[in-house]
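Since the structure comes first, as structure tokens, the remarks are kept for the end.
Residue numbers (the working numbering): -3 to 551.
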């Protein structure tokens, strides 16, 4: 295969791995274009060393961390195939390539986990092949009508086909659901061995229990017991590993992607936030929707952890880096136990210093710039994650028990992320009024939130987070809570802001509570298109990195 960039330079590949059946464009003799600005695209990700504070760990705990990093690396290999089944062959071909910009191309392939630019709505930067909506989870030539038609004729297959932990493949002229444990066995088996090795090496009972149960789950695709054990994890070594988020499946939003976070718990910082979980029942009751739609019986254990990242892998490493997360996603676990919120301190600090502050300097009105603070950024990120565990989850539609995720399908992630943004601000305002959070935070809350919206909008205005961000901008502008001055800079009006946030949250929650797919589509169509002032403001950020490109020297 040869690689040709768009300024006419031909790059000859030294060797090409055999192409898989469904990967035309990766066989010998083919030519692929590389975008001419590949180096500039890579430069949007600021190289950043992430260092974790290991000072409190024993030698045994450090050994466990090393083993877990080895287990986590297999999540990279699985996720690469979940993005596209042809990725391994294309990666192998790129390794033998020589010529201008090839190092940047290989690096950007690794950043993106494939030939599609995650900051450009998954448009190809290498070749012209469109990213399949179903990623590597479904046959590339399968459209939604074929999937739905198959289930109409074979209703007994619905549970397996819509499971988070199966892939759909063609077999004998039909469709079959293949369990993850079978599809990805080649990489799960060594990961299982490492998890069990780490479980034997640790003297922390809760960590050993989780690792053993998660190893079992990798074999049988039943994650409930290990998710419960992860909720109970109390260890200086805080690890998250497995299939979780469904963003990569833009066909239906059913299929979960493998990822891993190997981190070190910061006990003092975590203890300082533990009081917030006691407020969760009150926050649920305080939501601006009728009580019948509130999830008043959901578990509220909801531990909060502040950690330093040692290593990440898989879905979370692709493109934009995660700064906090809220898991598990299994509504059964959330009903019984709540969910755990994990704040990645060293990533949060890097993003604030290298990205958020420079953005604020370019897009905020002068009177708002001085109000941007790391304290507000940290708390907004925390309450975004807390908000994922609040509001409708399990719902009933016309007597039928279901989940919001299943009813909103591919629109679920977009609305859920936007809901968490808005609910996070709504809840902070409520806790300030209640006296639980300091009133001084109010001064920096709105300015930091608006700068944060710009940070997220740069990830792609039609991406799951991005389109939801645009909806927030447009709604708040419509309600007069945001204004744009004569120089195109944004200013939040404190007197209008709380009411606008409340009405926006109400609309989002009611779409979820009623499982209204059509209404969600109308909402995003109405508010989800980037306006001219927003696009112009984003255009002033060209010299600001979009995100960090982490390296892990301790791993």
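Where a beta carbon is used, it is the ideal one built from N, C-alpha and C, also for glycine.
Predicted model only: the values in this text are computed from it and were never measured.
Under the three-state reduction of DSSP output, residue 124 falls in the coil class, being neither helix nor strand.
A distance below 9 Å separates the beta carbons of residue 87 and residue 105. With a contact defined as Cβ atoms closer than 8 Å, residue 314 and residue 114 qualify at about 6 Å. In chain order, 191, 194 and 195 place their CB closer than 6 Å to the CB of residue 207, counting only its own chain and leaving out the 5 sequence neighbours on each side.
Following the DSSP letters along the chain, one finds residue 339 inside the beta strand (DSSP E) bounded by residues 336 to 340. Remark: C-beta atoms of residue 411 and residue 279 do not approach each other more closely than 9 Å. At a Cβ-Cβ threshold of 9 Å, residue 501 and residue 283 count as neighbours.
Taking a C-beta distance under 9 Å as the contact criterion, residue 252 and residue 241 qualify as a contact pair. About 7 Å separates the Cβ atoms of residue 71 and residue 237, confirming a contact at the 8 Å cut-off. Annotated three-state conformation of residue 377 is helix, per DSSP. In this structure residue 534 touches residue 454 by the C-beta definition: roughly 6 Å separates them, less than 8 Å. In this structure, DSSP gives residue 444 a helical state, which the three-state scheme calls helix.
Between residue 359 and residue 450 a beta carbon distance of about 5 Å is seen, short of the 8 Å cut, so the two are scored as contacting. Excluding sequence positions up to five before and after residue 419, its CB lies within less than 6 Å of the CB of 383 and 501, all in the same chain and listed in chain order.
In the three-state reduction of the DSSP assignment, residue 166 falls in the strand class.
In the DSSP annotation of this structure, the continuous segment of the alpha helix (DSSP H) that includes residue 34 starts and ends at 34 to 39. When 84, 30, 391 and 474 are compared, the shortest CA-CA separation from residue 291 is found for 391. Counting only the Cα atoms, residue 73 lies some 10 Å from residue 83.
Take residue 439, set aside five residues on each side of it, and the residues of its chain with a beta-carbon closer than 8 Å to its own are 367, in chain order. Per DSSP, the unbroken alpha helix (DSSP H) holding residue 364 starts and ends at 362 to 365. Look at residue 112 here: in three-state DSSP terms it is strand.
Taking the Cβ atoms as the reference, residue 357 lies roughly 42 Å from residue 511, outside the contact range of under 8 Å. Between the alpha carbons of residue 164 and residue 428 lies a gap of roughly 48 Å. Residue 277 counts as exposed, since fewer than 16 other C-beta atoms from the protein chains shown sit within 10 angstroms of its C-beta. When DSSP states are grouped into helix, strand and coil, residue 512 belongs to the coil group. Going by beta carbons, residue 446 and residue 478 fall inside the 9 Å limit.
Between residue 337 and residue 381, the gap from beta carbon to beta carbon is short of 9 Å. Apart from the 5 residues on each side of it in sequence, residue 211 sits with its Cβ closer than 6 Å to the Cβ of 188, 191 and 192 in its chain, given in chain order. Across the set 40, 62 and 117, the C-alpha of 62 shows the shortest separation from the C-alpha of residue 258. Going by DSSP, residue 243 is part of no alpha helix (DSSP H) at all; its letter is neither H nor E.
With contacts defined by Cβ atoms closer than 9 Å, residue 378 and residue 489 do not form a contacting pair.
About 4 Å separates the Cβ atoms of residue 40 and residue 542, confirming a contact at the 8 Å cut-off. For the 9 Å CB-CB criterion, residue 197 and residue 59 form a contact. The straight-line gap separating the alpha-carbon atoms of residue 168 and residue 134 is approximately 16 Å.
The Cβ neighbour count for residue 330, taken over all protein chains shown within 10 Å, is at least 16; the residue is labelled buried. Residue state for residue 451 is assigned as helix, using DSSP reduced to three classes.
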